[in-house]
Amino acid sequence: MKDTVKESGCILVAPVDEQDGEAQVEIAREIERVYAIPCKTAPLIQDISFAFDTHRNQFNSTLILKELEAHAPDNVLKVMALTSSDLFIPILTYVYGEAQLGGRCAIVSSHRLREGIRPGMDYRKIFLCRLVKECIHELGHTFALRHCRDRSCIMHYGRDVADVDAKSRQLCRYRGIMLNDELSRMGKGSG
Ligand SMILES: [Zn+2]
Ligand SMILES: [Zn+2]
Numbered sequence: 221m222k223d224t225v226k227e228s229g230c231i232l233v234a235p236v237d238e239q240d241g242e243a244q245v246e247i248a249r250e251i252e253r254v255y256a257i258p259c260k261t262a263p264l265i266q267d268i269s270f271a272f273d274t275h276r277n278q279f280n281s282t283l284i285l286k287e288l289e290a291h292a293p294d295n296v297l298k299v300m301a302l303t304s305s306d307l308f309i310p311i312l313t314y315v316y317g318e319a320q321l322g323g324r325c326a327i328v329s330s331h332r333l334r335e336g337i338r339p340g341m342d343y344r345k346i347f348l349c350r351l352v353k354e355c356i357h358e359l360g361h362t363f364a365l366r367h368c369r370d371r372s373c374i375m376h377y378g379r380d381v382a383d384v385d386a387k388s389r390q391l392c393r394y395r396g397i398m399l400n401d402e403l404s405r406m407g408k409g410s411g
């Protein structure tokens, strides 16, 4: 059996400096459910100091995506990197994550996903739910999916954590069809 993994391909959940094992398991399971592609979890790059901006005290996510792309093995279809560091792109104050549209790499930060969780709320459940949603969302961009107006759709743009909380973990019907088209184009479709 030669290149079995290459033929089937997988999505790599790649913790950068995020050590939350329970979250990694949940993310991998939900990615497999939504995208129907097997996941494995292993670090790819761990030092992101090259992307640190001393003026903003944040990490430039676009630079990290380029580095992930440079390190991604051929048998990996997509890379879903996880960090606890605060991310930015130059035109925005911060981002929850970033992805290469129609490319291979995405990153999500847990840094700001704990905001607004009040005493009495199920802190852990809400945090994990937000993290999973952001990963499914950013990965959607790597499958060439753009933002969606449907507020319940996972591809809806979340300006703040309230928007993230409001959306479901699902693609809307229209984005679901677009995903299947993209999977077929990649040779991963079911027919
Ligand atoms: Zn987005
Ligand atoms: Zn949608």
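Residue numbers 221 to 411, in the numbering used here, belong to the letters of the sequence shown in order. Beta carbons: idealized from backbone N, C-alpha and C, even for Gly. Keep in mind it's a predicted model, so treat the numbers as computed, not measured.
Continuous alpha helix (DSSP H) stretch holding residue i: start and end
i	result
Gln244	241-255
Contact test: residue i Cβ vs ligand 1 heavy atom, cutoff 7 Å
i	result
His275	no
Tyr377	yes
His331	no
His291	no
Whole-number beta carbon distance between residue j and residue i, since they are thought to touch under 8 Å
i	j	result
His291	Leu333	The pair is not a contact, with the Cβ atoms about 25 Å apart (cut-off 8 Å).
Leu288	Ala262	With 8 Å as the limit, Leu288 and Ala262 do not qualify as a contact, their Cβ atoms being about 13 Å apart.
Asn277	Gly229	Their Cβ separation, rounded to whole angstroms, is 37 Å, which puts Asn277 and Gly229 out of contact at 8 Å.
Ile356	Glu250	6 Å
Ala234	Met341	The Cβ separation is near 30 Å, so there is no contact.
Leu285	Glu238	Rounded, the Cβ-Cβ distance is 16 Å, inconsistent with contact.
Ser372	Lys387	6 Å
Element boundaries [beta strand (DSSP E), containing residue i]
i	result
Leu232	230-235
Leu297	296-303
Gly336	Gly336 -> no beta strand (DSSP E), and no H or E assigned at all.
Glu318	317-319
Ala326	325-329
Residue i: CB within 7 Å of a non-hydrogen atom of ligand 2
i	result
Tyr314	no
Asp370	yes
Cys325	no
Arg395	yes
Cys349	no
Leu391	yes
Cys259	no
Which ranges would you report for the beta strand (DSSP E) in the stretch 254-285 if only whole runs of at least 3 residues count? With a minimum length of 3 residues, the continuous beta strand (DSSP E) runs that stay inside the stretch 254-285 are 259-261, 278-280.
Complete runs of the alpha helix (DSSP H) confined to the stretch 358-409 [at least 4 residues]: The stretch 358-409 contains these whole alpha helix (DSSP H) runs: 381-386, 393-405.
Whether or not the stretch 300-307 and the stretch 322-338 are in contact is what I'm after, with contact meaning three or more pairs of Cβ atoms, one per stretch, closer than 8 Å; do they touch? Counting Cβ pairs under 8 Å, three or more are found: they touch.
Is the stretch 356-376 touching the stretch 307-326, taking contact as three or more C-beta pairs under 8 Å? Contact holds between the stretch 356-376 and the stretch 307-326, because three or more Cβ pairs, one in each stretch, are under 8 Å apart.
For the structure I just gave you, are there three or more beta carbon pairs, one from the stretch 394-406 and one from the stretch 339-346, closer than 8 Å? Inter-segment contact for the stretch 394-406 and the stretch 339-346 is absent: fewer than three beta-carbon pairs are separated by less than 8 Å.
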